[in-house]
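What follows is one structure encoded as structure tokens, with my remarks underneath.
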Amino acid sequence: MAEERRIGLLGWILIGFAVGIVFGLLFKDASLSLSWIGDLFLRLLKMLIVPLVFFSLLTGVASISDPIKLGRVGVKTIGIYLGTTAVAVLLGLIVGGV
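If you read the sequence shown in our numbering, its first letter stands for residue 8, the second for the next number, and so on.
Below, the structure is given as structure tokens:
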């Protein structure tokens, strides 16, 4: 018997991307009137980000029992945060043309 070949996640994403492009080109007026669905989806994703990150960090910190390790992780986290913030500011200034 031949094995059934399944489409992976990347395949479904690319199929959805292609279908979205075709739908947007063929039904431009309908896609403009349905854009609120996409906006709602993006707002819901943004609403999930902060609690998800917060509780992930909280769980990670709670699982570290050694205070020395916790301090090292905290210093690294702050360093990475400051570094990525600096990169974001620089990119914003470059793209903004200031």
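Heads up, the beta-carbon is just placed ideally off N, CA and C, and yes, glycines get one too.
For residue j and residue i, believed in contact at Cβ under 8 angstroms, the rounded distance
| i | j | result |
| --- | --- | --- |
| Leu59 | Val68 | Incorrect: roughly 15 angstroms between the Cβ atoms, too far for contact. |
| Val80 | Ile71 | 6 angstroms |
Neighbourhood of residue i by C-beta distance below 7 angstroms, restricted to the same chain and skipping five residues each side
| i | result |
| --- | --- |
| Gly31 | Ser38 |
Beta-carbon proximity list for residue i, same chain, < 6 angstroms, skipping 5 on both sides
| i | result |
| --- | --- |
| Asp46 | none |
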